[in-house]
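Participant: Residue numbers (this note's numbering), protein chains in the order written: chain Z, 1 to 234; chain A, 1001 to 1337; chain X, 2001 to 2457.
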Amino acid sequence: MNNLIGKNLTAGYGGVDIIKDINLEVNEGEIVVIVGPNGAGKSTAMKALLGMLSLTSGSVEYSNKEISSMLPQNRINLGLAFVPQTNNVFTGMTVEENLEMGGFLREDDIIHTINDVYDLFPILKEKRNQSAGELSGGQRQQVAFGRALMTKPKILMLDEPTAGVSPIVMDELFSRIIEVRKTGVGILMVEQNAKQALGIADRGYVLVNGKNSRDGSGEELLNNPAVRKSFLGG
Amino acid sequence: MIDFLNSLVVLLNFIIIPGLSYGSQLALGALGVTFVYAILRFANFAHGEIMSFGAMITILFTWFFQSQNIGLGILPTALLALPIGIIATIILCIISDKFVFQYYRHQKSVPVVLAMVSIGVMFVVNAIIRIIIGTETIKFSDGQKFIMKAKQFKVMTGLNEGLALKSSQVITIFLTIILLSFTFWFLQKTKTGKSMRAFSDNEDLALLSGINPDRVVFITWMIVGVLACVAGTLYGLDKSYKPIIYLNLVLPVFASAIVGGIGNPFGAVVGGYVIAFSEIMITYAYKKFFVYILPGPLEPSGLVQLLSTDYKFAVSFTILVIVLLIRPSGIFKGRVL
Amino acid sequence: MMKFERYEWIAIAIMISLFIFVGFIQGWSVSLVILNMCIISAIMTMGVNISWGYAGVINFGVMGFLAMGGLAAVIVSYPPIREAWQVGGTGLGISLILLAMLVFAVMYINKVVIKKSSKYWINGIIIFLGIIIIRYFYLNATANIEDVNPALAGFLGGLGLPIIFSWFVGGLFAAGVAFIIGKVALGLRSDYLAIVTLGISEIVVSVLKHEEWLSRGVKNVIGLKRPVPYEIDLQNADWFINLVTYLNTSKLNNVIDINDKQELLNNLIIDGSGIFVKLSYAILFLIVMLIIFYFANKAQLSPWGRMMRAIRDNETAANAMGKDVVKQHLIIFVIGAAIVGVAGAMLVTLDGLFTPSGYRPLRFTFIIWIMVIVGGSGNNLGAIFGGFVIWFAWIEAAPLTTFIINQLTLGLEPTNALKVHLLDSVPYFRYLFMGLILLLILRYRPKGIIPERVRHS
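This is the structure:
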């Protein structure tokens, strides 16, 4: 079974460590959510897993293989995929071209995967020849999501996939995420809408001030009074 | 009716044909500038010299072929030497990238530093060209000079006005059509071309999709080399080759790229023709045209010229300034300023 | 008063010793010629450095501002040509008034008409019609002016004042053009600004090249009056002859024959007069350079200079703090251009002639930029040092190249084709040196030889 493990991660920007000694793990076929207050280092932790910033200490393992010094591009090749929070589509290219670029590294025929994505997000099929920059926020997120799925990843990382979309669209995106999990993909996501995210999560991590504060199953965290009080709004 | 035809021939001969061929040369040049801007994200001041370098190599091999009595009959020998020029230009581009530009790319330097660096490259290439071939004006077109001479046309049609068609003009337009179609086909239809567009669109996301930046940069320089060499050679073939002229050419080339919307290949091509036609139309004396088309008493006494030809060069920049004022991102939205 | 660091003293010492060295090797006259151009280059470099080094505003229009300074030298010092004024003055006056009216009309429309598209159309039509009317008066006037004694005059001439005033006027001219350019182009991203300023400077030069009534165009203006004595006057002046005799007493005493002595004295006077003239120029230029240097430093250390640095280092933050960035950029762009204009007027003063076709971007824009980058942007002493060193290298590149080529091709016959070709190409090697110097500095010392001092204020 494929899994991605971050051990004792310490990392940050320009010499300042934002996350300290963090442990994270995501396995195939489960949804893991990272929640926490603003500035807790949620996105930083995810970027550290992907290698988009260098580690001060700690290590990243993928399926029992140390990958700490690997370039992000090469981790993509291993079966990781990442959807950034912003600028996550090629605005000047059509929806279909966006998906093709997602499958850039694939040597085999990607047409089936494109069709799978279209099945998952029927609206994209309709807009396949429209440029991604002209789509609405929610549709763009779907394109971004679809682009990441094109590599047929084992582990998919989403950085605030529902930021700036309406509640209806958010619900729809979450139901898609659940569908994706059914295909055996492990999903790690950072979410601002903690309540809803924990609702669909198998497990969750709470980060506070760049440190692990609590972890457990989604239900556990949702029902934990301390967690509720601090940032689930009571 | 005859007068009307005559006036049309005047326009065709003095504006449309020269505009098309000069516009093609600018378009190819501007496309090169725009490629560097879109992928490597800096204004390459050395582009004029790269064009000049390509033309120089082509000329050297043209001379060699001529001395060996190898030719293409009615076509200029330069066409035979052109592929060698292209290869040399590509090598020049790759070398300048490996030894100069790459370092700053990895440092993530700001665009203006890269522009300064390109000025250094401009000086070096400029010096190499002058050391190798000097500064004299060189005419290297051979083969049949005219496809149709003005006199032939007059005899053929019985009109007063002649229509001359230089073979260099036809070759320019023909080669431009081929190169442009190939470039746009490459960008729109091939996987590599699409990956270049993706890289230009969103570099971080392109990296996340596994697009190899070094390969994109390498292919960019190859395309730039081809475009620059062909543009430089065609300009030299059409007007005669003069090493220092390319430094001046870089300005209308930049103007074309920016007017069209820098970073946008289609815009660069349109910009090239816009600049070329404005330069010619604003500085052309329309007297002859109006003499044909207007009835006797209305015929103009002056030259009917908006600006003297001395200012040909200034026109491109005036247009550039106007476009930047009215629509800073260019006619076809390029990158944001 | 500012204090120099040790390495800055070393730089100053290097500059001085270069000229003493050349003085002994190639003669004092050569040394002074180079020194004069070095000083002018240093002033140009300071001008560019003020806008680029202090505030990060790029100015690739150096050539145009220099040419404006040159035009000022002509207009201030050339005697007026009355006949030309008589035949063309009125026409030019009318065109000028019409032009002013046109500008006001456009400004008025910009204010009154709100809708963007109709604004462009109305303005377009008004400008088009206006230009046609103005051209009628203008072309007649200029044609008349250019017909006045075309071989010698054919232009309006100037005011006939001492040329030294033009140094100030040159600054004003350049500042005026810079103001217009700045209004149009500042606010663009810096590489666009570079291209736009480069292009506008080309337009400025092409106007000077082709508007013969104003600048004589490609026919050049020659014989501008000097601010310093002429050699021929010195050679006949008693005080100068006495001075030379006094300075060379021992040398003259060694010669016994009276004829030889007179001949030696004559030679010494001729040499001496040349050196005296160049030295006078050098002193005048040096005064200007030191004045600009003093004020540039004072400005840099003032609160205003600090604000400029703040804007340069973080434009967004400065904007947020309520600094009007575009306005400050405009101010510093104009000041920098004005200093370049002063240098332009000095350049024409030194040459005594104005040749519009001589202004080429490679020589007058890019070389100046190499001086700025090599010297160290943001440091005025660095700018001077860059101006000196690069001009020195530019001049001495040719003899150096000849020497190197001769050494490398020692084994070849003097008629060897390669050797002959290389020796013929000697003048082009300086471009190679310039490019390599720029690339090496940008790579290994990107802040320049004398970098900006880090200030904690």
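No residue lacks a Cβ here, since even glycine has one placed at the ideal position from N, Cα and C.
1) Going by Cα to Cα distance, which pick from A:I1275, A:L1227, A:F1290 is closest to F1313 (chain A)?
2) Is the shortest distance between the beta-carbon of W2369 (chain X) and the beta-carbons of chain A less than 8 Å?
3) Please confirm whether G2199 (chain X) and H2210 (chain X) have their CB atoms less than 8 Å apart.
4) Could you tell me whether the stretch 1160-1171 of chain A touches the stretch 1096-1107 of chain A, using the rule of 3 or more Cβ pairs below 8 Å?
5) Please classify E160 (chain Z): is it buried, with 16 or more other beta-carbons within 10 angstroms of its beta-carbon, or exposed?
6) Rounded to whole angstroms, how far is the Cβ of P93 (chain Z) from the Cβ of D1204 (chain A), which I believe are closer than 8 Å?
7) Nearest-angstrom Cα distance between M2321 (chain X) and V1117 (chain A)?
8) Compare the C-alpha of T2401 (chain X) against each of X:I2097, X:V2426, X:L2412, X:N2416 and name the closest.
9) With 8 Å as the limit, tell me which residues of the stretch 2184-2206 of chain X have their beta carbon closer than that to any beta carbon of chain A; keep them in chain order.
10) Can you name the start and end residues of the alpha helix (DSSP H) that V2340 (chain X) belongs to?
11) Run through chain A and tell me which residues come within less than 9 Å of T91 (chain Z), C-beta to C-beta.
12) Taking the beta strand (DSSP E) that L158 (chain Z) falls in, what are its first and last residues?
13) Is L1337 (chain A) close to chain Z, meaning its C-beta is less than 8 Å from at least one C-beta of that chain?
14) Suppose you measure from the CA of T2349 (chain X) to the CA of G2154 (chain X); what does that come to, to the nearest Å?
15) What do you get for G218 (chain Z), buried or exposed, if any count of 16 or more other CB atoms within 10 angstroms of its CB means buried?
16) Put R128 (chain Z) into one of helix, strand or coil per three-state DSSP.
17) Should the stretch 2339-2358 of chain X be called in touch with the stretch 2033-2051 of chain X, which here means at least 3 C-beta pairs below 8 Å?
18) Among A:F1042, A:A1150, A:V1112, A:Y1037, which residue has its Cα nearest to the Cα of V1009 (chain A)?
19) Taking a cut of 7 Å between CB atoms, which residues from the stretch 209-234 of chain Z lie near chain A?
20) Alpha carbon to alpha carbon, how far is L2172 (chain X) from S2215 (chain X)? Give it in angstroms, no decimals.
21) Going along the chain, which residues of its own chain have a beta-carbon closer than 7 Å to the beta-carbon of F174 (chain Z), five neighbours each way excluded?
22) Go to V83 (chain Z), then tell me how far its beta strand (DSSP E) extends in each direction, as first and last residue.
23) Bridge partners of D215 (chain Z), per DSSP?
24) Along the alpha helix (DSSP H) that carries G2305 (chain X), what are the first and last residues, could you check?
25) Taking just the CA atoms, how far does Y2281 (chain X) sit from L2129 (chain X)?
26) For a quick check, are the C-beta atoms of D1003 (chain A) and I1331 (chain A) less than 8 Å apart?
27) I believe I1223 (chain A) touches T1192 (chain A) by the beta-carbon criterion, under 8 Å. Please report the beta-carbon distance rounded to the nearest angstrom.
28) If the cut-off is 7 Å on Cβ atoms, which residues from the stretch 2432-2444 of chain X count as contacting chain A, listed in chain order?
29) Measure how close the beta-carbons of V2221 (chain X) and L2353 (chain X) come, nearest whole angstrom, since I'm counting them as under 8 Å.
30) Name the residue from A:I1074, A:D1142, A:L1208 whose alpha carbon lies nearest to the alpha carbon of G102 (chain Z).
31) Between which two residues does the beta strand (DSSP E) harbouring I1091 (chain A) extend?
32) Using a 10 Å radius around the Cβ and a threshold of 16 neighbouring Cβ atoms, would you call D2324 (chain X) buried or exposed?
33) Name the two residues that bound the continuous alpha helix (DSSP H) containing V2426 (chain X).
34) Measure from the alpha carbon of E97 (chain Z) to the alpha carbon of each residue in A:F1199, A:L1075, A:G1054, A:E1161, then state which is nearest.
35) With A1046 (chain A) and F2429 (chain X) assumed to form a contact (beta carbons below 8 Å), what rounded beta-carbon distance in angstroms separates them?
36) So, does the CB of R1105 (chain A) fall closer than 8 Å to a CB anywhere in chain X?
Facilitator: On the basis of the data shown:
1) If we check each option's Cα against that of F1313 (chain A), A:I1275 comes out closest.
2) Answer yes: the Cβ-Cβ gap between W2369 (chain X) and chain A drops below 8 Å somewhere.
3) No, the Cβ-Cβ distance between G2199 (chain X) and H2210 (chain X) is not below 8 Å.
4) Too few Cβ pairs lie closer than 8 Å, so no.
5) It is buried - the Cβ of E160 (chain Z) has at least 16 other Cβ atoms within 10 Å.
6) One detail in the question is off: residue 93 (chain Z) reads as Met in this sequence, not Pro. Not quite, the Cβ-Cβ distance comes to about 15 Å (not below 8 Å), so this is no contact.
7) Near 33 Å, if we compare the C-alpha coordinates of V1117 (chain A) and M2321 (chain X).
8) Nearest C-alpha to T2401 (chain X): X:V2426.
9) Listed in sequence order: V2184, A2185, L2188, R2189, S2190, D2191, Y2192, A2194, I2195, V2196, L2198, G2199, I2200, E2202, I2203, S2206.
10) Annotation for V2340 (chain X): the continuous alpha helix (DSSP H) segment containing it runs 2325-2351.
11) Going along chain A in sequence order, the residues near T91 (chain Z) (Cβ under 9 Å) are D1201, N1202.
12) For L158 (chain Z), the enclosing beta strand (DSSP E) covers residues 155-159.
13) Note that L1337 (chain A) scores 36 on pLDDT, short of 50, meaning its location in the model is unreliable and no value can be drawn from it.
14) Distance between the alpha carbons of T2349 (chain X) and G2154 (chain X): 21 Å.
15) Residue environment analysis places G218 (chain Z) among the buried positions, since at least 16 neighbouring C-beta atoms fall within 10 angstroms of its C-beta.
16) Three-state DSSP puts R128 (chain Z) in coil, outside helix and strand.
17) Cβ pair count under 8 Å is three or more, so yes.
18) For V1009 (chain A), the closest alpha carbon among the candidates A:F1042, A:A1150, A:V1112, A:Y1037 is that of A:A1150.
19) Result list empty, no residue passes.
20) Annotation: S2215 (chain X) to L2172 (chain X) spans about 17 Å, alpha carbon to alpha carbon.
21) Hits under 7 Å: Q196, I200.
22) V83 (chain Z) -> beta strand (DSSP E) spans 80-83.
23) Looking at the DSSP assignment, D215 (chain Z) forms a beta bridge with Z:Y205.
24) Unbroken alpha helix (DSSP H) run through G2305 (chain X): 2303-2313.
25) Whole-angstrom Cα-Cα distance: 49 Å.
26) No, the pair does not count as a contact, with Cβ atoms beyond the cut-off.
27) In fact, because the Cβ distance is near 10 Å, the residues do not count as touching under 8 Å.
28) The stretch 2432-2444 of chain X vs chain A, Cβ under 7 Å: L2432, M2434, G2435, L2436, L2438, L2439, L2442, R2443.
29) Sure, about 6 Å apart at Cβ, within 8 Å.
30) Cα-wise, what sits closest to G102 (chain Z) is A:L1208.
31) Segment 1078-1096 is the alpha helix (DSSP H) holding I1091 (chain A); no beta strand (DSSP E) there.
32) Exposed, by the Cβ-count rule.
33) In the DSSP assignment, V2426 (chain X) falls within the alpha helix (DSSP H) that extends over 2426-2444.
34) Out of A:F1199, A:L1075, A:G1054, A:E1161, A:F1199 has the C-alpha closest to the C-alpha of E97 (chain Z).
35) The C-beta distance from A1046 (chain A) to F2429 (chain X) rounds to 18 Å, too long to meet the 8 Å contact threshold.
36) Between R1105 (chain A) and chain X, the shortest Cβ-Cβ separation is not below 8 Å.
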